[in-house]
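Remarks on the structure that follows.
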Amino acid sequence: MFRRERSIPLRGSAAALCNNLSVLQLPVHNLTHFGVVHGPSAQLVSAAPEGVPLAQRQLHAKERAGVSLPLITQVHWCVLPFRILLVLTSHRGIQYRLCLPEELLPVATSSVWVRGPRAGHWEVLEYKGTWSGRVLVFDVPAKGPNIVLSEELAGHLTSVTDIASEHAQEQDCIADMVTADDSGLLCVWRSGPEFKLLTRIPGFGYSLRPRTPLYTSGS
Amino acid sequence: MSMRTLPLLFLNLGGEMLYILDQRLRAQNIPGDKARRVLHDIISTMFNKNFIEELFKPQELYSKKALRTIYDRLAHASIMRLNQASMDKLYDLMTMALKYQVLLCPRPKDVLLVTFNHLDAIKGFIRDNPALVHLVDETSQQLIEAYGGLSAGEFQLIRQTLLTFFQDLHIRVSIFLKDKVQNSNGRFVLPVSGPVPWETEVPGLIRMFDHKGKEVKRTEFRHGGNYIAALKEGSFELYGDRVLKLGTNMYSANRPVETHTSGASKNLASQSQQSIAPNPLAKEELNFLAKLMGGMEIRKPSGPEPGFRLNLFTTDEEEEQAALTRPEELPHEVVNIQATQDQQRNQELARIMGEFEVTDQPRWSASKGDDLLAMMDEL
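Read top to bottom, the protein sequences are chains A and B.
If you read the first sequence in the numbering used here, its first letter stands for residue 451, the second for the next number, and so on.
If you read the second sequence in the numbering used here, its first letter stands for residue 58, the second for the next number, and so on.
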């Protein structure tokens, strides 16, 4: 089912963070880009087919002079229909780099966890535990650096851990996005001029063996 | 970077240091009263009120060099002396043990339980001294106040800050290799069996819901691990069952402390690469050290009690051999910090530093505040 290809050595080791690898495949250019967090830097590697390494570079979150570099919490390639963004998150906020040409767009927000793109928007999760459960929705224009915060969704009471989204094709399609949090709660959303919360699903308290649930729904 | 990491780093490394020293004191058959004296002196220096107060102030985590200097001082807070090779080995063991403990914590918050394990054990070393026990209890209370209300995200940041401090350290420790928790390449083994973190479900089940929230299907999957549910949560109170074993004393009289340091030279290559990059915090770091040293009270040994030398290796020959093969970049000189702005403070610091002095080491001093940075570069 899978064939192991050549290993690509990184200049620095990977930090012990969950899901610390972002992959961008560009079949048109026959290239794959990898992004890995190492302390205060993001390591980017480009590789040709069969794992032949082409280029490596390190990016840091930009800071004022004299201020120490923040630790990067996630590096993520964000593929939108019309542009590709490289997102760096740290406990001080999010920074974006656009692929070719490069620009830096500091956004003053709280720490975040980045997840999936969706049509003209892309959703950004709040960093686990640092804030309680808000989901930030950013508007990414087709051109230019003006990425703005368009909405803050309140539906979770504890830190958001994952987001899944799908572009609703059918007219009567119900849901566009599902978010999950630390307590096991799932929130189902529909997009529109504003996001609407459709359902809450308490997911905690089930296991293979019958067991008394520790949480009641909605708590 | 979290600004709250230093107390956790310092207290846990200090705890590991005491475990190792205790084991070596017993292995080397140092008389009971002398051994107790050494541990007592180190613990009372470590938990000195002024020192702890400085420690708990929100601040960045400083470099490995700065921290190493403090442990050098701490290890020599009593009548015991360590050669540089033994001090290096001691520090290697301390750092690798804590790296292991932080990495294997089931939840980021559990690093607090690791800290409590160390403090509980420290109280065991000095249980015949109620005043000292009280001092340690006060520090535990400060921990509870400072960390009790932090969110999961803040603990995650603390965890990341700690692990970044330990990044690229792959010294092999004999006791870890024997227990198969460390591979021969120095990387730690992550367990795939045992209890899952507290408040986490045992994996293996996929449930599918419709948009109305009704469960429509469930399937099971094999993950290749052997997990069980966590039975109870460790206690974050002053006293209690911590449940977690990380941070408890893994050394006993029968388990010698050994390290393989063949990986060390490779580590230093990457470490020295990092230190070449200009550190905008260098000056603050030295001020921090100076302040911390000022808070550290050293009690002169009373009476004509002779000191003794502790060896972290099994024989003197081994220690000499280790000293010869020690890589050049390791600092082996005592740093003498003099803050020249404040005359009185300078005298006080000089007095305190004088008491720290290890007489058989070469001594050099910086004459001006401006030379502080240059001094750091020379280390």
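C-beta: ideal position from N, C-alpha, C; glycine also.
Please read these numbers as outputs of a predicted model, since none were measured by experiment.
- Under the Cβ criterion (8 angstroms, minimum of three pairs), the stretch 280-296 of chain B counts as touching the stretch 243-251 of chain B.
- Boundaries of the alpha helix (DSSP H) around B/M103: 89-103.
- For B/N107, the enclosing alpha helix (DSSP H) starts and ends at 106-112.
- Below the 7 angstroms Cβ cutoff, chain B contributes M58 as neighbours of A/P520, in chain order.
- Segment contact: the stretch 210-229 of chain B against the stretch 58-66 of chain B, three or more CB-CB distances shorter than 8 angstroms; contact assigned.
- Looking from the CA of A/S540, the closest CA among A/A505, A/L586, A/S491 belongs to A/S491.
- Take the alpha-carbon of A/A604 and the one of B/A178: they are about 45 angstroms apart.
- Under DSSP, the beta-bridge partners assigned to B/E277 are B/L262.
- The contact set of A/T649 on chain B, defined by CB atoms closer than 7 angstroms, consists of H268, K269, G270 in chain order.
- Secondary structure at B/V193: helix, using DSSP grouped into helix, strand and coil.
- The continuous stretches of alpha helix (DSSP H) do not include A/T629, which lies in the beta strand (DSSP E) extending over residues 627-631.
- Between A/R584 and A/E602, the CB-CB gap stays under 7 angstroms.
- One thing to note: A/V502 has its Cβ no nearer than 7 angstroms to the Cβ of A/F484.
- Between A/I651 and A/T629, the gap from beta carbon to beta carbon reaches 7 angstroms or more.
- With the criterion set as a beta carbon lying under 9 angstroms from some beta carbon of chain B, the members of the stretch 465-490 of chain A are A465, A466, L467, H488, G489, P490, in sequence order.
- By the Cβ-count criterion, B/T276 is exposed, with fewer than 16 other Cβ atoms from all chains shown falling within 10 Å of its own Cβ.
- In the three-state reduction of the DSSP assignment, B/T305 falls in the coil class, being assigned neither a helical nor a strand state.
- Taking a cut-off of 8 angstroms on C-beta distances, the stretch 509-521 of chain A does not touch the stretch 457-464 of chain A, as fewer than three cross pairs fall below it.
- In this structure, the alpha-carbon of B/L169 lies about 25 angstroms from that of B/R229.
- Around the CB of B/E73, 16 or more other CB atoms lie within 10 Å, so the residue is classed as buried.
- Within the stretch 201-217 of chain B, contact with chain A at the beta-carbon level (separation under 8 angstroms) is assigned to S208, A209, G210, E211, F212, Q213, L214, Q217.
- Secondary structure of B/T371 (DSSP, three-state): coil.
- When DSSP states are grouped into helix, strand and coil, A/V598 belongs to the strand group.
- Annotation: Cβ neighbours of A/D632 in chain B (cutoff 8 angstroms, chain order): A209.
- Each of B/M307, B/R125, B/H97, B/E375 was checked against the Cα of B/F233, and the nearest Cα belongs to B/M307.
- Separation of B/E117 and B/M58 (C-alpha to C-alpha, rounded to the nearest whole angstrom) is 7 angstroms.
- Taking the beta carbon of B/L160 as reference, the chain A residues within 7 angstroms of it are A466, listed in sequence order.
- CA-CA distance, A/V495 to A/S457, rounds to 12 angstroms.
- Interface criterion not met: the Cβ of A/H526 is under 7 angstroms from no Cβ in chain B.
- For the C-beta of B/L220, the chain A residues within less than 8 angstroms are, from N- to C-terminus, A465, A466.
- The Cβ neighbour count for B/D298, taken over all protein chains shown within 10 Å, is under 16; the residue is labelled exposed.
- For B/N283, the three-state secondary structure derived from DSSP is strand.
- B/T371 and B/D145 have their alpha carbons spaced roughly 15 angstroms apart.
- Of B/P163, B/R94, B/A84, the smallest CA-CA separation from B/V300 is found for B/P163.
- Put simply, the backbone Cα of B/E374 is about 32 angstroms away from that of B/H175.
- Taking the C-beta atoms as reference points, B/F278 is found no nearer than 7 angstroms to B/L160.
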